[in-house]
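Just below is one structure, and these are the notes that go with it.
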Amino acid sequence: MMYRILLLEDDDNLRPVLADVLEEEGFEVDSCQAGDAAIEMARRSEYDLMVADIRMEGLDGLAALSQVQSYRPGVDALVISGYADAEQAERASRLGLGAVLKKPFQLDVFLHKVNVLLKARSQKLGVHRAFESLLRTSFWSSRQLARFLDNTPKRVYDFSQLLEVTGLLCTEMNLLGSQLEKIRAATLAAAWQQSSKTIGLDPPGDLPQEFQSWFEFLGEWWNGSGPQGTAGTDIPLESRIIVAALVVCRQAPDEEPDEKWPGRFDPTLLRIIDRGLKLSPDRKAMDTSDESSESLLDLAGTLLRTGDFHHATEALQEVVQREAESPEGVDALLMLARLKQRSGLFEEAKQMAFRIPELAQSFGPALAARAHLECGRLLMDLSERTHARATLEKAHTLYARLGLQTHAAECGLLADMVGATLAEGEETHHRLDLLLQPQHRAHAGKIAEPLVQALLAEPELSETVQKGLARLMLAHPHAARSALSGAAEALQERSLTIIRKAGPQKYTRLLETLQESPHKSVRTAARQVASGHSSEKNAPPLNVTTLGGLLAEVGDRQVPDRAWKTNKVRYLFARLVEAYPTPVQEEVLIEEFWPGDMEKGRRSLYTATSSIRSALRKSGLESQDYVEKALNGLVLAQDITLNYDLAELRAALSEALRQDKSGKVQEAVVGFRRAVLDGEKPYLPDCYNDWALNLRLTIQQQLLEACVRLTEISFANERHHEVLEFARRALSFESSNETATGLLLASLLQLGRPAEALKRHQAFCEILQKELGISEATSLEKLVQRAVNSVRK
Numbered sequence: 050m051m052y053r054i055l056l057l058e059d060d061d062n063l064r065p066v067l068a069d070v071l072e073e074e075g076f077e078v079d080s081c082q083a084g085d086a087a088i089e090m091a092r093r094s095e096y097d098l099m100v101a102d103i104r105m106e107g108l109d110g111l112a113a114l115s116q117v118q119s120y121r122p123g124v125d126a127l128v129i130s131g132y133a134d135a136e137q138a139e140r141a142s143r144l145g146l147g148a149v150l151k152k153p154f155q156l157d158v159f160l161h162k163v164n165v166l167l168k169a170r171s172q173k174l175g176v177h178r179a180f181e182s183l184l185r186t187s188f189w190s191s192r193q194l195a196r197f198l199d200n201t202p203k204r205v206y207d208f209s210q211l212l213e214v215t216g217l218l219c220t221e222m223n224l225l226g227s228q229l230e231k232i233r234a235a236t237l238a239a240a241w242q243q244s245s246k247t248i249g250l251d252p253p254g255d256l257p258q259e260f261q262s263w264f265e266f267l268g269e270w271w272n273g274s275g276p277q278g279t280a281g282t283d284i285p286l287e288s289r290i291i292v293a294a295l296v297v298c299r300q301a302p303d304e305e306p307d308e309k310w311p312g313r314f315d316p317t318l319l320r321i322i323d324r325g326l327k328l329s330p331d332r333k334a335m336d337t338s339d340e341s342s343e344s345l346l347d348l349a350g351t352l353l354r355t356g357d358f359h360h361a362t363e364a365l366q367e368v369v370q371r372e373a374e375s376p377e378g379v380d381a382l383l384m385l386a387r388l389k390q391r392s393g394l395f396e397e398a399k400q401m402a403f404r405i406p407e408l409a410q411s412f413g414p415a416l417a418a419r420a421h422l423e424c425g426r427l428l429m430d431l432s433e434r435t436h437a438r439a440t441l442e443k444a445h446t447l448y449a450r451l452g453l454q455t456h457a458a459e460c461g462l463l464a465d466m467v468g469a470t471l472a473e474g475e476e477t478h479h480r481l482d483l484l485l486q487p488q489h490r491a492h493a494g495k496i497a498e499p500l501v502q503a504l505l506a507e508p509e510l511s512e513t514v515q516k517g518l519a520r521l522m523l524a525h526p527h528a529a530r531s532a533l534s535g536a537a538e539a540l541q542e543r544s545l546t547i548i549r550k551a552g553p554q555k556y557t558r559l560l561e562t563l564q565e566s567p568h569k570s571v572r573t574a575a576r577q578v579a580s581g582h583s584s585e586k587n588a589p590p591l592n593v594t595t596l597g598g599l600l601a602e603v604g605d606r607q608v609p610d611r612a613w614k615t616n617k618v619r620y621l622f623a624r625l626v627e628a629y630p631t632p633v634q635e636e637v638l639i640e641e642f643w644p645g646d647m648e649k650g651r652r653s654l655y656t657a658t659s660s661i662r663s664a665l666r667k668s669g670l671e672s673q674d675y676v677e678k679a680l681n682g683l684v685l686a687q688d689i690t691l692n693y694d695l696a697e698l699r700a701a702l703s704e705a706l707r708q709d710k711s712g713k714v715q716e717a718v719v720g721f722r723r724a725v726l727d728g729e730k731p732y733l734p735d736c737y738n739d740w741a742l743n744l745r746l747t748i749q750q751q752l753l754e755a756c757v758r759l760t761e762i763s764f765a766n767e768r769h770h771e772v773l774e775f776a777r778r779a780l781s782f783e784s785s786n787e788t789a790t791g792l793l794l795a796s797l798l799q800l801g802r803p804a805e806a807l808k809r810h811q812a813f814c815e816i817l818q819k820e821l822g823i824s825e826a827t828s829l830e831k832l833v834q835r836a837v838n839s840v841r842k
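Residues in the sequence shown are numbered from 50 upward in steps of one, following the numbering used here.
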């Protein structure tokens with residue numbers, strides 16, 4: 050890990066010496082000579098350690114450090130001074146500094162102090178990560194306990210829903226990470242405590258003091274009529290969340306909480322719950338095991354992202370044990386195969402990569418294609434070149450048959466990389482050209498780094514492919530820098546040749562990397578190329594992903610989550626992206642995000658807007674104003690290039706509908722398939738503002754209609770495996786959809802799977818009874834009778 054250090058020293062002779070020795074030690078150093086400059090640098094960037102001289106003209110070092118720590122509470126500090134007397138030491142102690150170093154000092158002592166502070170910081174972060182892992186483990190255990198309690202007779206609470214509602218409230222109130230998990234655990238403990246006698250279990254034992262302090266206020270009312278008379282925001286937010294979740298999730302409540310107990314609850318929390326429950330798009334799968342497997346896959350994905358590989362493996366193994374031969378089972382096996390590779394179990398990972406694609410064939414061509422692609426990449430990493438190429442070529446064929454040319458291009462380039470045939474013919478140029486279109490940048494990003502390395506390793510590239518490589522390095526500079534940082538001298542020199550031809554002014558960051566090359570000839574050549582051209586200062590494109598969660602990139606630099614500061618800032622940015630290029634009136638934004646006091650809301654809006662600008666500037670150009678104030682509201686800057694995943698999804702759906710209406714059915718199928726694959730994840734799943742809920746429901750309805758249409762077309766063309774794939778997807782949006790169910794049953798019968806058809810029909814009838822009060826759909830009677838007769842045979 051490279052630590053970042055902010056050096057504040059007004060001595061012009063000492064400052065460069067300290068900066069040099071720190072950089073030689075491997076640290077990244079920013080230095081300045083004035084306190085105001087240090088504060089501004091800390092406002093714009095994050096640092097691990099601040100080294101500050103106390104005595105200087107203007108703002109002294111401790112005053113500057115105090116303000117820096119208000120921006121960056123986690124930054125450590127080392128004070129150096131010739132005046133380290135008792136008064137200054139006391140001031141330093143109040144600021145929580147790690148050490149005070151008195152001038153004069155030896156450089157090795159200075160470096161020792163720095164390393165001790167950073168080692169302690171690393172240990173502290175390690176403890177924090179371990180604590181986070183413990184909380185995740187605890188929450189997973191809570192989920193298992195909730196499932197058990199939900200199956201107990203005489204239960205008082207819907208325990209699984211209790212965890213979900215608590216998570217919703219915490220997220221909306223910006224209580225995240227470890228705090229969210231603690232409140233969830235406390236809510237479950239409170240529910241268990243209240244219902245332990247009813248369900249015949251012992252109450253929880255000694256609870257953390259923090260939990261007990263929250264429980265003291267569970268009887269208080271928002272209007273102040275509780276036993277202690279505590280009212281409104283004087284009641285701890287954690288207590289308000291716990292009691293709201295407990296009441297809402299009681300089994301079969303008689304009335305709405307705010308009607309039965311007016312004045313009892315925080316109205317903001319009730320509005321959040323009401324909005325969240327409105328969403329409830331029927332995500333229940335055809336039977337309870339499907340739903341459980343989906344939940345476990347989601348949990349495993351979260352655990353993998355946070356580095357908890359052990360518990361991710363346990364969750365995935367549970368999915369496989371329940372239903373290995375299912376779409377969810379295939380997904381679990383794919384993730385497990387990667388975990389095997391990560392654990393050094395290469396032979397097991399290889400054998401899984403051989404088996405999984407064959408298993409996936411039973412669940413439709415789209416899943417089969419993805420399984421071949423992922424297993425092909427795994428075999429590449431395991432150096433099984435022959436099998437990797439064959440598997441990737443099969444993935445290319447499957448995607449091409451589906452009409453998904455972008456996916457096919459990705460597979461084709463990977464297969465050619467394995468076979469060292471990238472330089473052959475114009476196919477490489479055609480595939481590169483397709484992947485470098487703005488709407489397909491995500492596909493190019495997945496393979497950009499190895500592709501840059503592979504193309505540079507080809508001694509004879511055609512002019513057109515060289516131009517494609519230049520565009521690839523420009524579109525994905527981070528991947529290009531990673532590919533070149535440790536590359537051989539010949540490859541680095543070849544990249545300089547391509548940069549010269551393409552126009553060096555566009556490749557500032559890449560040239561900076563090459564100027565730090567260990568090869569003297571490369572360093573010299575890179576400096577000559579860089580010095581002969583001025584860099585371009587055009588704003589890099591803004592790439593925004595909202596399906597599955599918010600991810601923003603300025604050029605190839607991801608905006609870190611912490612840069613947004615709060616969820617409201619994140620979702621305000623998403624709101625402006627969704628409206629672009631149309632301004633949104635300030636009054637509308639205030640009502641959506643800060644309802645109530647208009648003036649207070651306006652101040653909050655301006656603060657949030659400044660946070661958006663700051664977050665984007667840190668990853669892009671400091672001079673670029675990313676949010677503009679128009680006459681009729683706020684809007685993202687009109688001079689930026691915005692690549693927005695939801696806009697691309699809408700465009701694919703719109704074009705597919707147009708083709709379908711004009712009778713070009715096969716062209717429409719390609720568009721619908723692409724939209725359904727791109728829309729696998731929901732829009733901003735953790736945002737429960739009304740505008741986001743409505744948009745999410747609209748997208749889900751459009752994707753439902755696309756899935757049903759694909760099911761109809763596939764059935765008409767006797768592509769029954771595709772019917773299964775798209776009907777299941779349609780039913781994940783609307784489990785009572787009769788058209789999708791009927792075609793699913795018919796295709797199962799055509800494939801000789803009558804028992805599965807009966808099982809699906811039974812689950813469908815249960816859904817109809819629960820949601821519509823209908824015992825069964827008469828239109829399916831003939832199909833059901835066919836299934837019964839087939840099973841009897």
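Built from N, CA and C at the ideal position, the CB exists for glycine as well.
So what does DSSP say about residue i, is it helix, strand or coil?
i, result
"Phe393", "What sits at residue 393 in the sequence shown is Gly, not Phe. Gly393: coil per DSSP, three-state reduction."
"Gln454", "helix"
"Gln607", "strand"
"Arg835", "helix"
"Thr594", "strand"
"Met401", "helix"
"Met129", "Going by the sequence as given, residue 129 is Ile instead of Met. Here Ile129 sits in strand by DSSP."
"Ser663", "helix"
"Arg104", "coil"
"Ser601", "First, the amino acid is wrong: residue 601 is Ala here, not Ser. The answer is strand: DSSP assigns Ala601 an E or B state."
Inspect the beta-carbon positions of residue i and residue j and report whether they are closer than 7 angstroms.
i, j, result
"Val117", "Ile88", "yes"
"Ile816", "Ser785", "yes"
"Leu596", "Lys555", "no"
"Leu383", "Ala294", "no"
"Leu441", "Ala386", "no"
"Ile321", "Val297", "no"
"Leu218", "Leu353", "no"
"Leu485", "Ala529", "no"
"His525", "Ala491", "no"
"Ala779", "Leu744", "no"
By alpha-carbon positions, which one of the options ends up nearest to residue i?
i, options, result
"Gly281", "Pro257, Val296, Phe264 and Arg313", "Arg313"
"Leu563", "Asp482, Leu545, Leu485 and His527", "Leu545"
"Arg599", "Ala724, Asn616 and Val297", "Reading off the sequence, residue 599 comes out as Leu, not Arg. Considering only alpha carbons, the answer is Asn616."
"Phe76", "Ala112, Leu55 and Ala83", "Leu55"
"Thr513", "Pro487, Gly378, Arg480 and Ala493", "Arg480"
"Arg572", "Glu538, Asn592, Trp310 and Lys550", "Glu538"
"Ala755", "Ala776, Glu767, Arg745 and Trp740", "Ala776"
"Glu213", "Glu787, Arg768 and Pro734", "Pro734"
"Gln454", "Asp482, Ala469 and Asp430", "Asp482"
"Leu800", "Ala575, Lys819, Ser80 and Leu773", "Leu773"
"Thr690", "Pro311, Gln228, Glu602 and Leu108", "Glu602"
"Ile548", "Gly535, Ala575 and Ala536", "Ala575"
Could you check if residue i is buried or exposed, using at least 16 other CB atoms within 10 Å of its CB as the buried criterion?
i, result
"Gln502", "buried"
"Ser763", "buried"
"Ser274", "exposed"
"His359", "exposed"
"Asp97", "buried"
"Gln750", "exposed"
"Asn62", "exposed"
"Ser660", "buried"
"Ala334", "Any reading at Ala334 needs caution, since the residue's pLDDT is 32, under 50, leaving its predicted position unreliable; the model's value is listed next. With 16 or more other Cβ atoms within 10 Å, it is buried."
"Arg723", "buried"
"His456", "buried"
I believe residue i touches residue j by the beta-carbon criterion, under 8 angstroms. Please report the beta-carbon distance rounded to the nearest angstrom.
i, j, result
"Glu433", "Lys389", "At roughly 14 angstroms, the Cβ-Cβ gap does not stay under 8 angstroms, so Glu433 and Lys389 are not in contact."
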